[in-house]
Amino acid sequence: MKQFDVVVIGAGPGGYVAAIRAAQLGMKVACIEKAQTLGGTCLNVGCIPSKTLLQSTRYWEWLEKESKGLGIEYNEIKVNFETMMQRKAKVVFSLTEGITSLFKKNKVESIRGTAKFVDPHLVEVTDNGRIEKIKGNYFILATGSEAVALPFLAFDEKKIISSTGALSLEKVPKQMAVIGAGAIGVEMASIYRRLGTQVHIIERAEEICLAMDPTIRKLLLRGLKQQGIKFHLSAQLQSAKYEREGVTIEFEEGGERKNLHTDLLLVAVGRKPHTEGLGLEQMGIKKSSRGTLNIDNFFRTSLPHIFAIGDIVDGPMLAHKASDEGMAVAEIIAGKAAYVNYMALPQVVYTHPEAAAVGLNEPEAREAGLEVMVGTAFFKGNARARCMGESEGIVKIIGDKKSERVVGLHILGSHASEMIEEGALAIQKNVTLEDIARLPHSHPTLTEAIKEAAMDALGYAMH
Numbered sequence: 003m004k005q006f007d008v009v010v011i012g013a014g015p016g017g018y019v020a021a022i023r024a025a026q027l028g029m030k031v032a033c034i035e036k037a038q039t040l041g042g043t044c045l046n047v048g049c050i051p052s053k054t055l056l057q058s059t060r061y062w063e064w065l066e067k068e069s070k071g072l073g074i075e076y077n078e079i080k081v082n083f084e085t086m087m088q089r090k091a092k093v094v095f096s097l098t099e100g101i102t103s104l105f106k107k108n109k110v111e112s113i114r115g116t117a118k119f120v121d122p123h124l125v126e127v128t129d130n131g132r133i134e135k136i137k138g139n140y141f142i143l144a145t146g147s148e149a150v151a152l153p154f155l156a157f158d159e160k161k162i163i164s165s166t167g168a169l170s171l172e173k174v175p176k177q178m179a180v181i182g183a184g185a186i187g188v189e190m191a192s193i194y195r196r197l198g199t200q201v202h203i204i205e206r207a208e209e210i211c212l213a214m215d216p217t218i219r220k221l222l223l224r225g226l227k228q229q230g231i232k233f234h235l236s237a238q239l240q241s242a243k244y245e246r247e248g249v250t251i252e253f254e255e256g257g258e259r260k261n262l263h264t265d266l267l268l269v270a271v272g273r274k275p276h277t278e279g280l281g282l283e284q285m286g287i288k289k290s291s292r293g294t295l296n297i298d299n300f301f302r303t304s305l306p307h308i309f310a311i312g313d314i315v316d317g318p319m320l321a322h323k324a325s326d327e328g329m330a331v332a333e334i335i336a337g338k339a340a341y342v343n344y345m346a347l348p349q350v351v352y353t354h355p356e357a358a359a360v361g362l363n364e365p366e367a368r369e370a371g372l373e374v375m376v377g378t379a380f381f382k383g384n385a386r387a388r389c390m391g392e393s394e395g396i397v398k399i400i401g402d403k404k405s406e407r408v409v410g411l412h413i414l415g416s417h418a419s420e421m422i423e424e425g426a427l428a429i430q431k432n433v434t435l436e437d438i439a440r441l442p443h444s445h446p447t448l449t450e451a452i453k454e455a456a457m458d459a460l461g462y463a464m465h
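Oh and the sequence shown: position 44 is 46 in the numbering used here, straight run, nothing missing.
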C-alpha cells in the first residue's frame with residue numbers, strides 16, 4: 003500500500019494544478035486519473051481541441067471572405083478537414099505530454115485507474131482488473147463534469163452528439179442542428195458554419211449566451227446571424243426521430259410546431275458534475291440539489307480532510323476557475339493563506355468576434371443596489387481595429403458611482419479573450435475608472451478601447 007500526503011483524484015485543469023502546487027510546497031503527492039491521457043475534458047475533448055478548430059476555421063473564413071479587401075488575392079484555396087483534425091490531435095497530444103513532463107519534474111506520482119473510497123483515508127484504484135490501494139492524509143476531488151443528455155435522447159456520438167462527438171467528426175456535415183445557445187453551442191455552430199454546414203440553433207431562452215451582458219449578447223446574436231447561423235429562440239425541442247440519413251426533430255417556436263431534418267443533432271444544454279462511483283455517499287459527503295458537493299470557504303467537504311474543486315462544486319464550469327481553486331487548496335493544505343476572487347473570474351465565448359466578460363454586468367450591478375456608471379467604446383472608432391479590418395464590436399465598462407471602482411468589463415471584438423484581463427486586474431485591485439482613463443495605453447492598440455470606455459463613463463470620451 004502506498005501512502006501520500008495529498009492524493010488528487012482527477013488530472014484536469016484543477017487536479018493537475020493542485021497536484022503540482024502541492025508538490026512544490028514539499029508534499030508527497032499522487033494524482034489518479036481514469037482516462038488514458040492527462041488534462042481532463044478541457045485539454046482532451048473541450049477547450050483546447052475546440053479552440054484549435056475555431057482558429058483553423060477562422061483562418062479559412064478570413065481567406066475566403068475578408069482577405070481580398072486587404073489586397074490579398076489568390077487563384078484557389080480549399081479546406082482539408084482531415085488535416086485540420088490531425089492538427090487538433092497534435093496540439094492536444096503536445097499539451098497532454100506537457101503535463102506528464104510537469105508531473106515528472108515535480109515528482110508527482112501519476113496513477114491510472116478509477117478511484118473509490120474504502121474509508122475516509124483510503125481509496126482503491128481499479129485499472130483493467132488490477133486493484134491498488136492508496137492512502138492519503140488529504141484528498142482533493144477534481145473529477146470534473148460531463149455533458150448533459152436530454153431525458154428522452156441519449157448520446158450515440160454518431161447522429162445524436164455531444165461536444166465530444168462534434169470535435170471528432172470524420173467529415174463536414176451538410177446540416178447540423180444544435181440544442182442550446184450557450185458558449186459551447188455557438189462555438190460549435192461557428193466551426194461548422196464556416197466550413198459550409200447549414201446550422202440551426204434551437205434555444206428555449208429568449209436570448210443567447212446568458213452569462214454575457216445584454217448589450218454584448220444582442221450584438222453577438224446579430225453578428226452570428228449575419229454569418230449564416232439560423233436561430234430559433236424561445237423554442238423547445240419536442241422530439242427527435244432517427245432516419246436512415248440523419249435525424250428529424252420537432253420543436254415548438256412561437257406557438258407553432260416545426261420539423262427540421264438534419265444530418266447531426268448536437269445537444270449542448272449544459273454539463274453536470276461527475277461524482278458517481280467515488281463512494282462519497284457512504285462517507286456522508288453531502289451534495290446540493292444540483293449535484294455539486296457542498297464545501298465551506300476553504301473548499302472542505304463535510305469531511306475536513308477531503309477537499310473539492312472545479313466543476314463538482316458551485317460556480318461556472320470553467321477550466322481557469324478549477325485551476326485557481328486547485329492552487330488555492332494546495333496552499334491551504336500547506337497552511338498558507340489562499341483565496342480565489344470570483345468577481346475577477348473572466349468568461350469568454352470564442353466566436354468571431356469574441357465575447358468576454360468579467361465582474362458584474364449592468365443589470366447585476368443595478369440589482370446589487372449600485373448607482374452605476376456606464377461607458378462604451380465601439381471598435382469602429384479604434385485605429386488598430388481599423389488597421390486589422392476587425393472593427394466590429396464594443397467595449398462596455400461598468401463602474402460604481404460612489405467609489406468610481408470598476409465592477410465590470412464586457413467586450414465584443416477581436417481578441418476580447420486577451421483584453422478582458424485588464425478588467426480582471428482592475429476588479430482584483432479595486433482600480434477606479436479614473437485610473438484606467440489616465441493609464442497610458444500603447445497606440446494603436448485594441449486595448450485603447452478600454453481606456454476610451456472608461457473616459458466615456460467619466461464624461462470625457464475622445465472618439
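C-beta: ideal position from N, C-alpha, C; glycine also.
What you are looking at is a predicted structure, and each value in this text was computed from that prediction instead of being measured.
DSSP beta-bridge partners of residue i
| i | result |
| --- | --- |
| G377 | I399 |
| F6 | G138 |
| E255 | A237, E258 |
| L411 | V360, I399 |
| E205 | L235 |
| I308 | F141 |
| T39 | Beta-bridge pairing links T39 to no other residue. |
| L266 | M178 |
| L295 | K289 |
| V94 | Paired residue(s): none; V94 is not in a bridge. |
| T250 | K243, H263 |
| L74 | A small fix is needed here, since residue 74 is Ile in this sequence, not Leu. Partner(s): none; I74 has no beta bridge. |
| I11 | I34, L143 |
Under the three-state DSSP convention, the category residue i falls into
| i | result |
| --- | --- |
| C33 | strand |
| H316 | Per the sequence presented here, residue 316 reads as Asp, with His not at that position. Correct three-state label for D316: coil. |
| D458 | helix |
| R386 | helix |
| R132 | strand |
| Y244 | strand |
| F301 | coil |
| A213 | coil |
| K67 | helix |
| K220 | helix |
| Q284 | helix |
| T85 | helix |
| V342 | coil |
| K274 | strand |
| L55 | helix |
| K289 | strand |
| Q229 | coil |
| I452 | helix |
| I79 | coil |
Boundaries (first-last residue) of the alpha helix (DSSP H) holding residue i
| i | result |
| --- | --- |
| N46 | 42-47 |
| G187 | 185-196 |
| L15 | It should be pointed out that residue 15 corresponds to Pro in this sequence rather than to Leu. P15 -> alpha helix (DSSP H) spans 15-26. |
| I335 | 321-335 |
| L435 | 435-440 |
| Q430 | 418-430 |
Inter-residue CB distance, residue i and residue j (contact presumed, cutoff 8 Å)
| i | j | result |
| --- | --- | --- |
| I210 | A183 | 4 Å |
| E208 | S236 | 5 Å |
| L56 | E189 | 6 Å |
| L295 | L143 | 7 Å |
| A20 | V9 | Rounded, the Cβ-Cβ distance is 10 Å, inconsistent with contact. |
| I438 | A418 | Incorrect: roughly 16 Å between the Cβ atoms, too far for contact. |
| L262 | P122 | About 51 Å; that fails the 8 Å criterion. |
| L239 | M178 | No, L239 and M178 are not in contact; Cβ-Cβ is about 14 Å, not under 8 Å. |
| K109 | A24 | With 8 Å as the limit, K109 and A24 do not qualify as a contact, their Cβ atoms being about 11 Å apart. |
| A359 | A213 | 7 Å |
| E255 | H234 | 5 Å |
| K53 | Y352 | 6 Å |
| G14 | G100 | The Cβ separation is near 14 Å, so there is no contact. |
| R407 | T434 | 6 Å |
| V315 | I297 | 5 Å |
| E68 | G391 | 6 Å |
Any non-hydrogen atom of the ligand HEM within 6 Å of residue i CB
| i | result |
| --- | --- |
| S192 | Among the components of this structure there are no ligands whatsoever, and the ligand HEM is therefore not found. |
Continuous beta strand (DSSP E) stretch holding residue i: start and end
| i | result |
| --- | --- |
| Q349 | 349-351 |
- Could you pull out every unbroken alpha helix (DSSP H) segment of at least 4 residues lying fully inside the stretch 96-168, listed in chain order? 165-168
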